[in-house]
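These protein sequences, in sequence, are chains C and B.
If you read the first sequence in the numbering used here, its first letter stands for residue 939, the second for the next number, and so on.
If you read the second sequence in the numbering used here, its first letter stands for residue 695, the second for the next number, and so on.
Where is the CB? At the ideal position from N, CA and C, for every residue including glycine.
Since this is a predicted model, take the numbers as computed values, not measurements.
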Amino acid sequence: MGKKIIIDPVTRVEGHGRVTIHLDNKGKVDETYFHIVEFRGFERFIQGHPYWQVPLLVQRLCGICPVSHHLAAAKAVDQISGLDPEDLSPSATKLRRLLHYGQVFQSHALHFFYLASPDLLFGVDAPPEKRNVFAVAVEDRELAVKGITMRKFGQEIIRRLAGKRIHGTLAVPGGVYRAMAETDRDYFTNNEDIPDIDTMIEWSKEMVEFIKNYHEVNRFFLDSFAAFPSGHLGTVGANGVLDLYEGKLRAVDASGKRTLDDIPYNDYASYFSEATARWSYMKFPYLKHLGREAGWNRVGPLARLNICDSISTPLAEQERKDFFDFIGNSISNSSMYSHWARLIETLHCAEIMKELLNDPDILKSDDLVREGEPRLKGIGIIEAPRGTLTHDYEVDEKGKITKCNLIVSTTHNNDAMNKAVRWVADNVISDQGKITEGMLNQVEVAIRSYDPCLSCATQSMGKMPLKAEVYNHDGELIDEVSKN
Amino acid sequence: MENSLMKSAKTKSRKILLIGIGNDSRGDDGLGWLFLDALKDEFSDMMDFEYKFQLQVEDADLLAKYDIVIFVDASEKQYANGFSIEPCEAASEYFYSSHLQSPQAVLYLAQTLYNARPDTYLIAISGKSWELGQKPGKQAIGNLKKAIEAFRHLWMTNQFNQKFQSLTKETYANV
């Protein structure tokens, strides 16, 4: 008797997704799908709005990474205003960078402490009541407090630059509307109201040590779980250095060979295409010259670590070297190594924030906005917490948006997440007879390693039941596994 | 009115936080924020005000800084008097999304992580319509006004400082 297993919704991810696993009459996996069943459609309804509104409007794509959308749109709108990235004032660029690194810092902290750490602390087959941040709080109070404080630190960077923790505003066409106040800068450096930036660096180092030790102990599981070959995509700065704000697009294949060689961001459309599937609202981007089957790439922390030649900050650079020494290769294709890469980036963000907080340019309120000769097109690409994010706009002579194309980070990971689901289905669920809740959680663990933001990827909101159902070949419900 | 309010505030120097939860773009879901709007000028010297779309894990850190926390939220439940005011008890009830937690859950985290035990209350105001782009309904506004008057009464009689000791649970909805 054939079965269909549904996990709906996938938990501890941002947004709502659903997994179905089809088993044949002998209990072997036949097909697997990671469906994104929400739809919002910003690309369409942004049309007709004046271009300068876009950095404000597109933030509503997401409540977790609105800053990424704000800044990617702002970079595109700069060009419509006639300015390339190098035309902005140093103060404006540094303030935007500080906003961005603050956001990546808080987003990575959220993912590791709130979403991923329960799996790592209690095991992927732990009882559901243990797999949440409440259990982490009881089990390891210090870890939980540090996690919450690190997230708060990043959110305060955002709030003090953009006015609000969520959906604030800093960037305007051609720059930023305000500098950082000295009292706000001191808030992060005087260790009075909140642990200071040096403490954030120390705690970030501790978290990297934690995950390194975890890999030492659990190496076999982490090396093999949801491991599969793929391409890796991201942006790199000058000399191939990791740069989350500005750079050229680079991709490598599963062996580390270059498949996209530092192309300018505004030439992305020459290299990328997007496929669709009837069972998901999320698209499947791929490199045209490699084709649909071979041209897809992972994005995000692991991909960025795989493609860059170095990291500009000393502590994170040492951790990058240790990472590749540990795996004994120049590239990792193991999904679970994303957590380690994410924590190295967290440390990098803390180091960058310290550099910027100590830079007097962020306090200068002159020369914050520049003007140029208006253009009809603008493209902004940024490395969002979850990977490469592209905003592409065209406007008419009156400056109204006529076309909008968004390639959101999670969309790039669509193929990878589907591969990860298939891996768990084949290696954990297939031929097992009784399907347990712990097995189903492993499907989610694989997806969760990509930190998907499903609302961003399709731009939507929803409300769904929290259960998994098993159907027989005739569509009859024969088993049910609750996620709560 | 003002003298009584100030007198009530001066009798105790406890830090008080009023949290409105909701979204004023979604019909009656904006009742929590409207409650704060109505009291902000009048009470701003006596307590802090926070507007929240949703409660999140890190709000435990915020709660830990106060002696009294009062949550105000719209409710699908239809109370006889249009609203309810009750003490809020901590509960370990994690919601699967990281950015939508209950007052009880955030209070639990404040206790567990920061050993903070603020006196906590939940004001629930009955609503019916939650559609995007709508304003609150007439009945919901009526319920809001009743809840505001009840809050003023409780404040002037110093009930929040006395942990509602003179009121039984059944009477909270009918103050």
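- In the assembly as shown, residue 765 (chain B) is a buried residue. Its beta-carbon has 16 or more other beta-carbons within 10 Å.
- For residue 755 (chain B), the neighbours in chain C by C-beta distance under 9 Å run, in chain order, 1083, 1086, 1087 and 1090.
- In this chain, the beta strand (DSSP E) harbouring residue 818 (chain B) covers 813-820.
- Assigned with DSSP and collapsed to three states, residue 1251 (chain C) falls in coil, not helix or strand.
- By the CB criterion at 9 Å, residue 1005 (chain C) and residue 1100 (chain C) fall inside the cutoff.
- Flagged as an interface residue toward chain B: residue 1079 (chain C), by a C-beta distance shorter than 9 Å.
- Under a criterion of Cβ atoms nearer than 9 Å, no residue of chain B is adjacent to residue 1155 (chain C); the nearest Cβ is some 26 Å distant.
- Residue burial annotation: residue 1029 (chain C) is buried, with at least 16 other C-beta atoms found within 10 angstroms of its C-beta.
- The beta carbon of residue 1174 (chain C) sits closer than 8 Å to the beta carbons of 1180, 1181, 1185, 1186, 1188, 1200, 1245, 1246 and 1247 from its chain, once the five residues preceding and following it are set aside; these are given in chain order.
- DSSP places residue 1342 (chain C) outside any alpha helix (DSSP H); the residue lies instead in the beta strand (DSSP E), whose first and last residues are 1339-1345.
- When C-beta distances to chain C are compared with 7 Å, every residue of the stretch 816-827 of chain B stays at or above that value.
- Annotation: residue 796 (chain B) to residue 1091 (chain C) spans about 23 Å, alpha carbon to alpha carbon.
- In the DSSP assignment, residue 1065 (chain C) falls outside any beta strand (DSSP E), carrying neither H nor E.
- Taking 9 Å as the cut-off, the Cβ atoms of residue 981 (chain C) and residue 1344 (chain C) count as close.
- Taking C-alpha positions only, residue 800 (chain B) is separated from residue 1051 (chain C) by approximately 16 Å.
- Residue pairing by DSSP places residue 1170 (chain C) opposite C:1190 and C:1236 in a beta bridge.
- Rounded to whole angstroms, the separation of the alpha carbons of residue 973 (chain C) and residue 1219 (chain C) is 8 Å.
- When C:1155, C:1217, C:1157 and C:1042 are compared, the shortest CA-CA separation from residue 1352 (chain C) is found for C:1217.
- Pairwise C-beta distances place the stretch 1012-1025 of chain C out of contact with the stretch 1284-1304 of chain C, as fewer than three of them are shorter than 8 Å.
- At a cut-off of 9 Å, the C-beta of residue 1043 (chain C) has no neighbouring C-beta in chain B.
- When DSSP reads this structure, residue 780 (chain B) sits in a beta bridge with B:816.
- C:1306 is the residue among C:1334, C:1306 and C:996 whose C-alpha sits nearest the C-alpha of residue 1025 (chain C).
- Listed in chain order, the positions of the stretch 1050-1076 of chain C with a beta carbon within less than 7 Å of a beta carbon of chain B are 1052, 1053, 1070, 1071, 1072, 1075 and 1076.
- Look at residue 719 (chain B) here: in three-state DSSP terms it is coil, with no helix or strand label.
- Inter-residue distance for residue 1267 (chain C) and residue 1286 (chain C) is about 22 Å (C-alpha atoms, whole angstroms).
- DSSP, reduced to helix, strand and coil, places residue 1349 (chain C) within a helical segment of the structure shown.
- In the DSSP assignment, residue 746 (chain B) falls within the unbroken beta strand (DSSP E) covering 742-746.
- Inclusion of residue 1326 (chain C) and residue 1106 (chain C) in the CB contact set at 9 Å is not warranted, their separation being larger than that value.
- A Cβ-Cβ separation of about 13 Å leaves residue 762 (chain B) out of contact with residue 817 (chain B) under the 8 Å criterion.
- Counting only residues of its own chain and dropping the five nearest sequence neighbours on each side, residue 967 (chain C) has a CB closer than 7 Å to the CB of 959, 961, 1363, 1364, 1367 and 1368.
- The beta carbon of residue 1269 (chain C) sits closer than 6 Å to the beta carbons of 1194 and 1244 from its chain, once the five residues preceding and following it are set aside; these are given in chain order.
- With its beta carbon at least 9 Å from every one in chain C, residue 814 (chain B) lies outside the interface.
- If you check each beta-carbon in the stretch 743-768 of chain B against every beta-carbon of chain C, the ones closer than 8 Å belong to 747, 751, 752, 754 and 755.
- At a C-beta separation below 7 Å, residue 719 (chain B) has no neighbours in chain C, since its nearest C-beta there lies roughly 11 Å away.
- For residue 802 (chain B), the residues of chain C that pass the 9 Å Cβ criterion are 1072 and 1075, in the order they occur in the chain.
- If you ignore the 5 residues before and after residue 1125 (chain C), its C-beta comes within less than 8 Å of the C-beta of 1094, 1098, 1131 and 1132, all in its own chain and listed in chain order.
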